[in-house]
Amino acid sequence: MKILIIDNDESLRYMLREIANYAGWESSLAENGREGMEMFLDDAYDIVLVDYHMPEMDGLQAVKKLRQMNSHIPILVLTVDERQEVADAFLEAGATDFALKPVKAPDIISRIQIHVQLSNIKDFHASEEDVYSVKGISKKTMSHITDFLTQHSEPQSVDQLSKDIGLAYPTVYRYLMQLLEEGKVKLIESHQKVGRPKKLYRWYTK
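To convert, take the position in the sequence shown, counting from 1, and add 93; that gives the working numbering.
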C-alpha cells in the first residue's frame, strides 16, 4: 500500500511515516497542498492523508483539487477542529473521513485499512465503485454500514455506530440520512429522563 501524507508539521509527518513503516506501508511526504498535488500527479497512491491548516494551499482546497483529479481515492483529513460546519465543508469537498489530532497509531492504522479495503481502487472502475457518485457516497462504505445494521436488531445511536464500525461520526450520520431517505432505516426517538430525546436508528423491517 502507498500513502501520500500532506502536512506542514515536520514532526507529524515523521510520526505518520513511522506509523506507515510499522504497518508495512510505503509513504510519500509533502509539506503543503501544492507540493502534495504535484506528487499526486507523479505517482499512484492508495490513500491520501491531508492536514487542515497549511500554508500555500489549505486542506480544504487540497481535498477539492484531489477530488477533481481522482473521484474515488480515500481522503482522510487530519484536524483538531471538531466543529460540524468544518466537517460538512470537507464532506462537501469530497473528504472520506476524519482523524482527530493528536493522531493515535491504532486509530489511524485502522481507518486507513478500512477505507482502502472499502474502496478497492485497484479492482473497481470508478463508475462501478460509487453508485452514489453524485452525492459522494461509496457503495462499499454503504454496504459496510448496512451489513452492521442488519446484523444488529437493537436501535443504534450515531455515536455508537461510529465507534463499532470504525468510521467518523459525520460519515456515519451522512450515510444514515441517505438510508432514511431510501426508507431502509427507521428513526426511533428514545425519551430520556433529562434532556432531549435520543435519536436511534435501526434497519427497517416490515
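C-beta atoms are modelled at their ideal positions from N, C-alpha and C, and glycine is treated no differently.
A quick note: this is a predicted structure, and the numbers were derived from the prediction, not measured.
Q | 8 Å Cβ shell around Asp252 - same chain, five flanking residues per side excluded | A | So the qualifying residues of the chain are Tyr262.
**Q.** Neighbourhood of Gln121 by C-beta, 8 Å cutoff - its chain only, sequence neighbours within 5 removed
**A.** Sequence check: residue 121 is Ser here, not Gln. Contacts found: Lys95, Ile96, Leu97, Ile98, Met132, Asp136 and Tyr138.
Q.
At the level of alpha carbons, what is the spacing between Glu247 and Leu134?
A. 46 Å
Q.
Can you give me the C-alpha to C-alpha distance between Lys292 and Met108, rounded to a whole angstrom?
A. About 38 Å.
Q: Check whether the Cβ atoms of Leu184 and Arg267 lie closer than 8 Å to each other.
A: In this structure, Arg267 lies closer than 8 Å to Leu184 by Cβ.
Q) Taking the runs of the alpha helix (DSSP H) that are 4 residues or longer, which of them lie wholly in the segment 206–280? A) The qualifying runs are 219–222, 232–244, 251–258 and 262–274.
Q. For Val143 versus Ile166, is the C-beta distance shorter than 8 Å?
A. It is not a contact, given that the beta carbons lie outside the stated cut-off.
Q) Who does Val141 pair with in a DSSP beta bridge? A) Leu97 and Ile168
Q.
Let me check one thing: in DSSP terms, what residues is Arg295 bridge-paired to?
A. Lys279
(Q) Here's the rule I'm using: 16 or more other beta-carbon atoms within 10 Å means buried, otherwise exposed. How should Ala198 be labelled? (A) exposed
Q: For Leu211, collect the residues of the same chain with a Cβ closer than 7 Å to its Cβ; drop the 5 residues on either side in sequence, then sort them by chain order.
A: Ser231, Lys233, Thr234 and His237
Q. In whole angstroms, what is the alpha-carbon distance linking Leu272 and Lys279?
A. 9 Å
**Q.** Sequence ranges, beta strand (DSSP E) only - wholly within the segment 95–132, length at least 3
**A.** DSSP runs (the beta strand (DSSP E)) wholly in the segment 95–132: 95–99 and 119–123.
Q.
Pop quiz: Arg295 and Leu242 are said to be a contact at Cβ under 8 Å. What is the actual Cβ separation, rounded to whole angstroms?
A. Right, the Cβ-Cβ distance comes to about 7 Å (below 8 Å), so this counts as a contact.
Q: Would you mind working out which of Ile202, Glu124 and Lys277 sits nearest Glu103, comparing C-alpha positions?
A: Glu124
Q) Can you tell me the Cα-Cα spacing of Glu128 and His284, whole angstroms? A) 51 Å
Q) Do the CB positions of Ser203 and Gly117 come within less than 8 Å of each other? A) no
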